[in-house]
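These notes are about the structure you will find just below.
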Amino acid sequence: MTLSDDTLRAFLADSLSEEETQAIVNEMEADPDLERRIMALDELAAPVGSVMRGLPEDSRMERLEKIIAADHPVNDNTKPYWAVGVSIAAALVIGLLVGLSLPGGFLSLPTDQANVQTAQSNWRHEVARYQALYGKETVAHLSFTADELAAQFDRASDIMKLDFPVVALSKLPGIELLRVQVLEFDKKPIAQIVFRTSEGTPIALCAFAGGQDDKLDTAISATEQGLASVSWSGSTHEFMFIGGQDQKKLNKLAEELASLLS
Amino acid sequence: MGERFYSLMFGKKHNDDLGQQLVEHLPSIWRFALALSGDPDIADDLVQATCLRAIEKQSQFDGLGSLIGWCLTICRSIWLNELRKNAKRQTSALDAVEPEKLIDHKIDIELNIFAAQVFTKVMELPEAQRAVVELVYVEGFKYSEAAKILDIPIGTIMSRLSAARKKLSELGGSKTLVGQV
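One line per chain: the protein sequences are A and B, in this order. In terms of the numbering used here, the first sequence has 288 at position 237, counting the first letter as 1, and numbering is strictly consecutive. In terms of the numbering used here, the second sequence has 173 at position 170, counting the first letter as 1, and numbering is strictly consecutive.
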């Protein structure tokens, strides 16, 4: 079904017949591109969204964060009946300690909050924070020749002491290889290989020569800074593949990458 | 590598990230809670309950989807099953929500007035329409993702959004609204 922008605007305005509306809904359920197209035509989304994203006020968030971070019991009479006798902060700490002490966990049990904070500030977290700054515009005009790309990978390989399978990386399905650059964390190099999906979404594969504390027993899928990610350990380097919100797609690509870089 | 590669190790290895991510998602969770409850104080309580429930149930998060989507599903469940029946009934959403108390006063006065008008119009919407506007317009979820969070068909999402658009377009017409950004 070929649908014009005018028809889709009429759909948004609820001006079509019931049959036409249902036909478009059915089409949209099967076609994510159509869904994206309709969303892009909705002129109310941006102004309404930008106003409402200004909420809540800073003081309210600070207060909520303090409540969540502080160790204050919630079981006083003024609290709603659904409140339980464990503060959120205590639950957070309990959650951390339980997670870290499970059999097979590779992290040692922290003895105080400082150790917990250190465990949180690892290279993957910093990569995620950096990658979260990437938008479609960041990678929209990135373009290097084959020679320039080869030179970038030669340099990255020298610094990282890691061979990158450039040809295979350039042939991954659904994503376009754009460039590689070398960043630094804790005085150690991180190679960031940047890709772009067919929708223009930036995705990065990062490699880091971490220490024993960075080793993962198995690959992990997780959302970091609102981005889908997969992390795994190779024989000599740590890897993190991160970007977009399509975790399934990322998992599939990461499996292929892990076989290329292990 | 198969299943082992996609091991659900989130609960074992990355509990340290869950607390941090919950704090980072707090504004989104709060906005959704406000959309459901129409009351900022109830939204505060709903956010706290959501965070606590997310921590208690973290082993159920498989790490393959969006954490924020999972949290909003929890938020909605708590609202429907536990809080809504006990929430103070308001004759008008405006009784509980005063725009000037929630909107950042650091921004330009004219923009502030416009923001107050948009905010008021959104809060005047029925709960069901507010929730869809919040998920799609504010948090940027796709229609299909909003449908999953709210556990309703995508057609219902579209009809609620259409109804909301009709009311929001009353703000001087959509072109004026667009022109303000």
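Even for Gly, the Cβ is constructed at its ideal location relative to N, Cα and C. Computed from a prediction, not measured in an experiment: that's the story for all the values here.
For A:Leu-234, the enclosing beta strand (DSSP E) begins and ends at 226-236. Straight-line measurement puts the Cα of A:Gly-251 at about 20 angstroms from the Cα of B:Tyr-146. Of all residues in the segment 208-234 of chain A, none comes within less than 9 angstroms of chain B when Cβ atoms are compared. Under the three-state reduction of DSSP, A:Ser-310 is assigned to helix.
Apart from sequence neighbours up to five positions away, the residues of its chain that approach A:Asp-297 with a beta-carbon distance below 7 angstroms are Ala-279, ordered along the chain. Between A:Thr-196 and chain B, the shortest Cβ-Cβ separation is not below 9 angstroms. Neighbours of B:Phe-122 in chain A, taken as residues whose beta carbon is under 9 angstroms from its own, are Val-102, Met-103, Gly-105 and Leu-106 in chain order. For A:Gly-100, the number of other beta carbons within 10 angstroms of its own is at least 16, and it is reported as buried. A Cβ of chain B is located within less than 9 angstroms of the beta carbon of A:Met-112. One Cα belongs to A:Gly-295, the other to B:Glu-85, and the distance between them is close to 34 angstroms. Taking each of B:Gln-132, B:Gly-66 and B:Pro-30 in turn and checking the Cα distance to B:Arg-168, the smallest one comes out for B:Gln-132.
Rounded to whole angstroms, the gap between the alpha carbons of B:Ile-58 and B:Leu-21 is 8 angstroms. A:Thr-274 sits in a strand when the DSSP states are folded into three classes.
Nearest CB-CB separation between A:Ser-249 and chain B: not below the 9 angstroms threshold. Distance between A:Ser-272 and A:Glu-307, taken at the CA atoms: about 15 angstroms.
Chain A has a Cβ within less than 9 angstroms of the Cβ of B:Arg-34. Interface flag for A:Glu-275 against chain B is set, since a Cβ pair is found closer than 9 angstroms. The beta carbon of B:Pro-43 sits closer than 9 angstroms to some beta carbon of chain A. For B:Arg-168, the neighbours in chain A by C-beta distance under 9 angstroms run, in chain order, Leu-63, Ala-64, Asp-65, Asp-93 and Leu-95.
Straight across, the Cα-Cα distance linking A:Tyr-181 with A:Leu-228 is about 19 angstroms. Contact between B:Val-136 and B:Val-121 does not hold, since the beta-carbon distance rounds to 10 angstroms and is not under 8 angstroms.
Contact annotation for B:Ser-165 against chain A: Leu-63, Ala-64 and Asp-65 [CB-CB distance below 8 angstroms, chain order].
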